[in-house]
Amino acid sequence: MRRVAALCALGLAAAQPASSAEVRAAVLRVDYPGLLPISRLDLPPEDLGFAGAELATEDNATTGGFLGDTYAVHDVAVAPEEAQAAFDQLVTEGYGIVVVLAHRDEVLAFADSAPEGMLILNAEATDESLRGEDCRANVLHVAPSERMLTDALAQFLVWKRWERWFLIHGSHPEDLALAQAYEASAEKFGATIAEEREFEDRGGARVTDTGQAQVQQQIPLFTQDARRHDVVVAADASDVFAAYLPFQTWDARPVTGSAGLRPVTWHPAHESWGATQMQNRFEALAHRPMREEDYQAWLALRVVGEAVTRTRSADPQAIRDYALGPDFEVGAFKGQPLTFRDWNGQLRQPILLTDGRITVSVSPQEGFLHPVSTLDTLGLDRPESKCTAFGGGAE
Numbered sequence: 010m011r012r013v014a015a016l017c018a019l020g021l022a023a024a025q026p027a028s029s030a031e032v033r034a035a036v037l038r039v040d041y042p043g044l045l046p047i048s049r050l051d052l053p054p055e056d057l058g059f060a061g062a063e064l065a066t067e068d069n070a071t072t073g074g075f076l077g078d079t080y081a082v083h084d085v086a087v088a089p090e091e092a093q094a095a096f097d098q099l100v101t102e103g104y105g106i107v108v109v110l111a112h113r114d115e116v117l118a119f120a121d122s123a124p125e126g127m128l129i130l131n132a133e134a135t136d137e138s139l140r141g142e143d144c145r146a147n148v149l150h151v152a153p154s155e156r157m158l159t160d161a162l163a164q165f166l167v168w169k170r171w172e173r174w175f176l177i178h179g180s181h182p183e184d185l186a187l188a189q190a191y192e193a194s195a196e197k198f199g200a201t202i203a204e205e206r207e208f209e210d211r212g213g214a215r216v217t218d219t220g221q222a223q224v225q226q227q228i229p230l231f232t233q234d235a236r237r238h239d240v241v242v243a244a245d246a247s248d249v250f251a252a253y254l255p256f257q258t259w260d261a262r263p264v265t266g267s268a269g270l271r272p273v274t275w276h277p278a279h280e281s282w283g284a285t286q287m288q289n290r291f292e293a294l295a296h297r298p299m300r301e302e303d304y305q306a307w308l309a310l311r312v313v314g315e316a317v318t319r320t321r322s323a324d325p326q327a328i329r330d331y332a333l334g335p336d337f338e339v340g341a342f343k344g345q346p347l348t349f350r351d352w353n354g355q356l357r358q359p360i361l362l363t364d365g366r367i368t369v370s371v372s373p374q375e376g377f378l379h380p381v382s383t384l385d386t387l388g389l390d391r392p393e394s395k396c397t398a399f400g401g402g403a404e
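Numbers in this note's numbering are just positions in the sequence shown, counted from 1, shifted up by 9.
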C-alpha cells in the first residue's frame, strides 16, 4: 500500500521556500510463524506498525507542508523466507530509508546487503549484540535494547527496595538471553537473584478448556519452596508461561518482567506529557489502541521528519549524520526530548512501567545519576560498548 500525505493548504503555497524535500520511506515488516498468543487480546492486527507509520507521515506532512516538503511511505509485510527479496526490491525501487520491524538476523542481513548511503531504522529488534559487536553504521535503533528494558525495571525494584528477586525464565534461547539481561541489571543496581528456575516449554496447547484448573494447580507447585524473595521476575520472551504467574505463585509476591509490571516503550493507557492527544489521534486513524510496534514505527519516521526539517535535505546520510549529532532531538510524549547515542546509534528514551491498565512509573528513576544523561543509566554505557562501527566504544 502506498500513501502520500497531503500538502499544506494552497493558501500557504506562496510562503514555501525554494528548497524543498521529497521524502520516500518504506516500512518492512517480517511476520514470523508461531503459536497464537496466550490472550486473544494480544492477537496482532493486520496493520501492526503500519498504522503508526501512517500517523507519523501525517505528522511530518503537517510541518513539512509549511516548508514545501512532501512525505510518502510504502508498507511491505512478508514471511521470513521472503524478507531479503522484499528488501532487495525496495533497494531496486530507490528507497534509501527503510524502517524495519524484524528480528536480529534479518536486520543484519538487510544492513550488510544495503547499498552505500542507505539508512535503516530498527523499530523492533532489542538484541544487545546489534548495539554491540554486531552493530552496523547504517542502522539506527529506535527500539530500545534489552538491557534498557531490564535496567528500567531493575531501577524501579531497587527504588522500592524489592532487592531479592525470584527469577523464572523460559527454556528458549531468547528467554535465556532475557534472563541474562536481568541478571546483569540486578548486578548493576545492587539487587540479588535469590533463586532462579527454568520453566520448560514442553509444547502442546497453552490454552485449553481445562487450562484454568491446570494453571491453578501447576504454578503454585512450580513456585513452591523458593528462597526468600521480595518479587518474582519473569523472563519469558516466548510468551509461554509468564501470563499465568500473577495470583498463582505459592508465595504472595508481585510479578514483574514479562507479566505483571512490564517495561515497555508504549502502552494505550499512557496519558502523561500530551500522550492522550497522541492516543486519540491514533485511535481515530486505526480504530484500535496503539501498540509498541506502532509507536516505534511512528518514532522512526518522526526521527526522519525532524532531521529533514532541520537539514533541509532528504539524503539518508545527511539524516543519519544529523540524528547522531549534538543538535538533534525529537519529542516523543515521554517528558523530555530524545537523542541518539553517537557511539552505537541507539535512541535514548524513558521506559514506561505498566501493569496493563495504568503507567505505574517511568524510568530512569529518581536518584540514578549519570554525568551525561540520566537516560544513559538505562542500557550499556559508552565505556561498556563493543560497537566500533560508529567510531565509539570503550576508550
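Don't be surprised by glycine CBs; every beta carbon is placed ideally from N, CA and C.
Measuring C-alpha to C-alpha distances from ARG237 to each of TRP174, VAL264, GLU302 and TYR253 identifies TRP174 as the nearest.
If you look at ARG113, you'll find it in the alpha helix (DSSP H) that goes 113–122.
When DSSP states are grouped into helix, strand and coil, TYR80 belongs to the strand group. Secondary structure of LEU254 (DSSP, three-state): coil. Put simply, the stretch 359–367 does not touch the stretch 91–106. Fewer than three CB pairs are less than 8 Å apart. TYR331 is a Cβ neighbour of ARG319, given a cutoff of 8 Å.
CA-CA distance, PRO182 to ASP136, rounds to 12 Å. Under the three-state reduction of DSSP output, GLY126 falls in the coil class, being neither helix nor strand. DSSP places THR383 within a helical segment (H, G or I) once states are collapsed to three.
For GLU393, the three-state secondary structure derived from DSSP is helix. The alpha-carbon of HIS279 is positioned some 20 Å away from that of GLU133. In chain order, PRO346 place their CB closer than 7 Å to the CB of GLY340, counting only its own chain and leaving out the 5 sequence neighbours on each side.
For PRO182, the enclosing alpha helix (DSSP H) has its first and last residue at 182–198. In this structure, the alpha-carbon of GLU192 lies about 21 Å from that of THR383. With contacts defined by Cβ atoms closer than 8 Å, GLY266 and ALA252 do not form a contacting pair. Taking C-alpha positions only, HIS178 is separated from GLY334 by approximately 39 Å.
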